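Start counting the sequence shown at 1; every next residue gets the next number (UniProt numbering).
What follows is a single structure, written as C-alpha cells, with notes after it.
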Amino acid sequence: MATATFLPHTPTPRHRLAVAIHSPSRHRPPPVFSGSTDDGALSAAAEEEKADAGEEAASAPRAGGGKERRRVVRKAWEKLVRWSRSWRRRNRSDVLETTRKVVVLGGGSFGTAMAAQVAAKKADLEVSMLLRDDLVCRSINHGHVNCKYLPDHRLPENITATTSASDALAGADFCFHAVPVQFSSSFLENISTHVDPKLPFISLSKGLELNTLRTMSQIIPQTLGNPRQPFIVLSGPSFAVELMNKLPTAMVVASKDKKLAAAVQQLLASPNLRISTSSDVTGVEIAGALKNVLAIAAGIVEGMHLGNNCMAALVAQGCSEIRWLATKMGAKPTTLAGLSGSGDIMLTCFVNLSRNRNVGLRLGSGEKLDKIMNSMNQVAEGVSTAGAVIALAQKYHVKMPVLTAVARIIDNELTPKRAVMELMNLPQVEEV
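Here you go:
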C-alpha cells in the first residue's frame, strides 16, 4: 500500500528478524489462493505440486529460449487450472441446496443486485425484499423491476417484495442487511420482534454511525438485543449495475465464524462473482467506511482540475491514513491491501459510477453540499461518515490530514482551495 508524504506518524517498534535464504530448488513455498479450504483440498494441492515438480524442473527455461519460456508459462497455467478443478470437487457444498429462503432488508441498488445474484442461482429459492416504498414493491412484484434504482434491469421472478417485516423474515435462512448505516438502528428496532436469534445477518452497509461511532457489526447485535446474532460483512470493489450485467466481480466476506463465512461464500459465489473469506471483520468494515470519505477527496481533486500528480499523492496519503487508523483498531495490514481495502479504494476513488466521488467532484467544481445532496436519490455514506471518522481518529490518537480536510469541507468550515493549500504546506517529513 502506498505510504504517507504529508504528516509524520509514530512508528511501531520493529524487532530484528533473522532471514534465512533458501535455494528455490530445495525450498518452494506452497501456492496461496484466497478462499476457504480444507485439509483434503490442501493435501490434493500438495500432491499435485509434488507430481509437477519434476516436470517443472525439466521444463526450466534456458538462456534465450523463448520456446522454453512459453512452455514453462503454459505448464504453470495448466497446473493452476488442475488445482482449481481439484479444489472445486473437494469443496462442493450443500448450502444452496438446503437454503429455502433469503431476505433482503432495503431496496436500494446494491440490495437489489444481491437479491438478484442469489435468486439467479436457484429457481425455487424464495428471495423476499423488505421495503418501505409501496410503489417499488408493486414494481418488483408485478413488473419484476426496481423502478426507482435499477429500472433497466429485469429481476428474477423468484424475487418478491413486501412492506411486512413478519412476512419477509418468516422462515428466512439468511438475511442481507442493505439499509444505510445512519438509518439502521431505527430500522432494526422496528423489526426486532420478528428476527430469529439464530438468523445470520450479512451486512452490505458501509460506514460509521455518526453519534456513536459504531460499525454494523456492533449496531446489528446491540440493536437486536442479541450479542450472539450471527454476523458477516460483505465488501469489496463492486457496483450494483455491473453485478446486474453479470460482469466479473470479486468480493470478500468476513466473519469471526469461519464456517459461517464459508457458507456465505458458497451461497454467493458464481461464474461472475468470486468470493474470498476473511476473519478480519474490523479491517473489512473500517476500510469500507473510510474509503468513502477518501473518494470524496478524490472527487474534489478531479473537480478542481488539479491533475494526475495531485490525485496520486492524495490517494496514497489517504491509503496511509486508513492504514494508520485501521491497524490501531486491530485490523490486519493484509486486509487493507486486499479487496475490501485497496480494491474498493481504487474503484471508489477513480470511477465515475461512485456516488461519493461524484459528491466530491461537484464540491470541487464549486457547488454547495445542500444542493448536491438534494439532487441525489441514493445515499453517499461518506458525507455522514466523515465526521465520525475524525472522532474515531481522535479516540485512537491518529492524525488524518486528508480525511480531516474532507470533514471540514463538508461542514462548510473550509473551502476546497484552502484545504489544498493547507495540506501542501504541511511539514516535509519521512514517509511512513
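Ideal Cβ positions, reconstructed from N, Cα and C, are used throughout, including at glycine.
Please read all numbers here as calculations on a predicted model, not as lab measurements.
Three-way DSSP call (helix, strand, coil) for residue i in this model
i, result
"N412", "coil"
"R228", "coil"
"V195", "coil"
"N158", "coil"
"L204", "coil"
"N245", "coil"
"T385", "helix"
"P31", "Unreliable positioning characterises P31 in this predicted model, as indicated by a pLDDT of 42, which lies under 50. The coordinate reading is nonetheless provided below. Of the three classes helix, strand and coil, the one that applies to P31 here is coil, per DSSP."
"C175", "strand"
"M400", "coil"
"residue 433", "Because the chain here runs from 1 to 432, residue 433 falls outside it and cannot be looked at."
"K180", "It is Pro, not Lys, that sits at residue 180 in the sequence shown. In this structure, P180 counts as coil in the three-state DSSP scheme."
"R138", "helix"
"R418", "helix"
"N272", "coil"
"N146", "strand"
"M129", "strand"
"A380", "coil"
"K291", "helix"
"P237", "coil"
"K122", "coil"
"S279", "coil"
"M304", "coil"
Short Cβ contact (8 Å threshold) for residue i with residue j
i, j, result
"A331", "G299", "no"
"A262", "S340", "no"
"L243", "A113", "yes"
"A170", "L130", "no"
"A168", "V264", "no"
"A123", "N141", "no"
"L426", "P401", "yes"
"A407", "A386", "yes"
"D257", "P237", "no"
"V233", "S203", "yes"
"T99", "D173", "yes"
"residue 440", "N146", "No statement about residue 440 is possible, as the shown extent of the chain runs from 1 to 432 and does not include it."
"L210", "A388", "yes"
"L96", "K121", "yes"
"P200", "L125", "no"
"N158", "A116", "no"
"V241", "L361", "no"
"L247", "L392", "no"
"V181", "M216", "yes"
"Q378", "S109", "yes"
"S278", "T335", "yes"
Residue environment, residue i, which counts as buried when at least 16 other CB atoms sit within 10 Å
i, result
"H305", "exposed"
"P29", "Residue placement at P29 cannot be trusted, given a pLDDT of 45 that sits under 50; the coordinates are not used to answer."
"M424", "exposed"
"residue 501", "Since the displayed the chain opens at 1 and closes at 432, residue 501 lies outside it and no answer follows."
"C349", "buried"
"N412", "exposed"
"K206", "buried"
"Y149", "buried"
"M376", "exposed"
"F183", "exposed"
"G225", "exposed"
"G65", "exposed"
"H397", "exposed"
"K417", "exposed"
"W87", "buried"
"T327", "buried"
"F6", "With a pLDDT of only 49 at F6, under 50, the local geometry of the prediction cannot be trusted, and the value read off the model is given with reservation. It is buried - the Cβ of F6 has at least 16 other Cβ atoms within 10 Å."
"S139", "buried"
"R74", "exposed"
"G40", "Legend: pLDDT at G40 = 49, less than 50; position of this residue unreliable, no value from coordinates given."
Pick from the options that is closest to residue i, judged by C-alpha positions
i, options, result
"A313", "E431, A113 and K101", "E431"
"I296", "T404, A172, A76 and V104", "T404"
"V127", "L150, L224 and L155", "L155"
"V351", "M311, S192 and P200", "M311"
"G303", "V398, S365, N356 and V252", "S365"
"R274", "K399, S84 and C319", "S84"
"G318", "T335, T334 and M346", "M346"
"V136", "T163, N158, V118 and Q117", "T163"
"L338", "D196, S235 and R71", "The sequence shown places Gly at residue 338, not Leu. Closest by alpha carbon: S235."
"I409", "E97, L294 and N91", "L294"
"A316", "V72, A119, P227 and S342", "S342"
"S320", "K399, S186 and D133", "K399"
"D196", "F239, P227, E78 and M421", "P227"
"Y239", "N356, N190 and L325", "Tyr is not the amino acid found at residue 239; the sequence shown has Phe there. Answer by Cα proximity: N356."
"residue 439", "V179, M421, V281 and N245", "As displayed, the chain neither begins before 1 nor continues past 432, which places residue 439 out of reach and without an answer."
"D280", "S255, D344 and E78", "S255"
"T249", "T334, L290, D344 and S185", "D344"
"W324", "L290, L414 and A178", "L290"
* Segments assigned beta strand (DSSP E), at least 3 residues, entirely inside the segment 61-90 -> Whole beta strand (DSSP E) segments, 3+ residues: zero.
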